[in-house]
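Q: In our numbering, the protein residues as written are 0 to 336. Glycine included, C-beta positions come from ideal geometry on N, C-alpha and C.
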Ligand code: NCD
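1) Enumerate in chain order the residues of its own chain whose CB-to-CB distance from residue 255 is below 7 Å, with the five nearest sequence positions on each side excluded.
2) For the region 30 to 43 against the region 157 to 168, do three or more pairs of beta-carbon atoms, one drawn from each stretch, fall closer than 8 Å, so that the two count as touching?
3) Given residue 159, which residues of its chain have a CB within under 6 Å of its CB, disregarding the five upstream and five downstream residues?
4) Indicate the three-state DSSP secondary structure (helix, strand or coil) for residue 271 in the structure shown.
5) Compute the Euclidean distance between the alpha carbons of residue 59 and residue 99, then round it to the nearest angstrom.
6) Among 201, 36, 237, 96, which has the Cα closest to the Cα of residue 276?
7) For a test of your reading of the model: does the CB of residue 135 fall under 6 Å from any non-hydrogen atom of ligand 1? Yes or no.
8) By the DSSP assignment, the alpha helix (DSSP H) with residue 65 in it spans what residues?
9) Touch check for the region 107 to 122 and the region 138 to 151: three-plus C-beta pairs under 8 Å?
10) On a Cα-Cα basis, can you pick out the residue from 259, 208, 105, 175 that is closest to residue 188?
11) Which of the three DSSP states is assigned to residue 125 in this structure?
12) Out of 7, 94, 36, which one is the CA nearest neighbour of residue 327?
13) Considering only residues of the same chain and omitting the five flanking positions on each side of residue 213, which have a CB-CB separation below 6 Å?
14) Assuming contact is defined by CB atoms lying nearer than 7 Å, are residue 66 and residue 47 in contact in what I supplied?
15) Helix, strand or coil: how does DSSP classify residue 184 here?
16) Let me check one thing: in DSSP terms, what residues is residue 37 bridge-paired to?
17) Could you tell me which uninterrupted alpha helix (DSSP H) segments, each at least 4 residues in length, are contained entirely in the region 72 to 144, listed from first to last along the chain?
18) The alpha helix (DSSP H) spanning residue 164 covers which residue range?
19) Cutting at 6 Å between CB atoms, please list the residues of its own chain near residue 268, excluding the five before and the five after it.
20) Would you list, in sequence order, the uninterrupted alpha helix (DSSP H) runs of no fewer than 4 residues that lie entirely inside the region 272 to 328?
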């Protein structure tokens, strides 16, 4: 079983099924705190260094919120220009310095492998918040947590599920990490839908095949595909060599209620790591899906806080102390309704 306390979280490859179950059970136990039914001060005095060298809204804020909900404090750096990396400082030196100011660090950076490089210089645990097109382990965990909850509602489990992944599978790190996590499960069916140029990288296709899963690769949505999960993605324009190239693919995989009805079952769960590109020319997930009960995107973002709280508690070794430091919530709150 994976040892969490004091260790970095850099890649989904470090987890086995037992570790994932542990994370999910701790995440579940965080619900009363996230809903403000109770609060806890278990991490009172602890400091999170939240270092985001690439744009982020929900990942950055949910890391910070998760830490605050456990009673800890957050110090944040955003953007390369505002940090000493812009003066030529190495990731190792930055890590050495900032780990002296924090108990744990969450970090996002545009270069693949950078968060691991940073972790080598860090004296405290580092959590990967996304390293270029490589990995996004905490997103994959929250996606899998969401899949588990949504399918449970439909009386199914993760083993045997059919997932359709759509769009930019080449540069989208969330689908890379999620596919690798799903390799720990049994008899999963993958339908990968993307233009050839944006296909899933070969090492991940190999991992899916090695796990004995069924795999269909196609360039378009065809027929009714009997999928349990439709996982839509954004064209990762910031990772393309040029804007014109990114524009070529924008809008190729629009999803609205009519397209959904044509290609999916009425209970297919719709997921997206967000942000969804809502500009007219992209329209990845049309607003007309907002009233579709299977649209799970905002349940995903809420689950992200639970999963990140669980990862902080486990990494800092306080998962069994959270309720011991419990307090009442005294302010008005309607989060549990
Ligand atoms: C994703 C990311 O940054 O990889 N978003 C996220 O973390 N929720 C996906 C994206 O930006 O399209």
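A: In this structure, then:
1) 285, 287, 288
2) no
3) 186
4) coil
5) 21 Å
6) 237
7) yes
8) 57 to 68
9) no
10) 208
11) strand
12) 36
13) 188
14) yes
15) coil
16) 327
17) 90 to 97, 113 to 120
18) Note, residue 164: premise wrong, no alpha helix (DSSP H); beta strand (DSSP E) at 161 to 165.
19) 149, 228, 293, 295
20) 296 to 314
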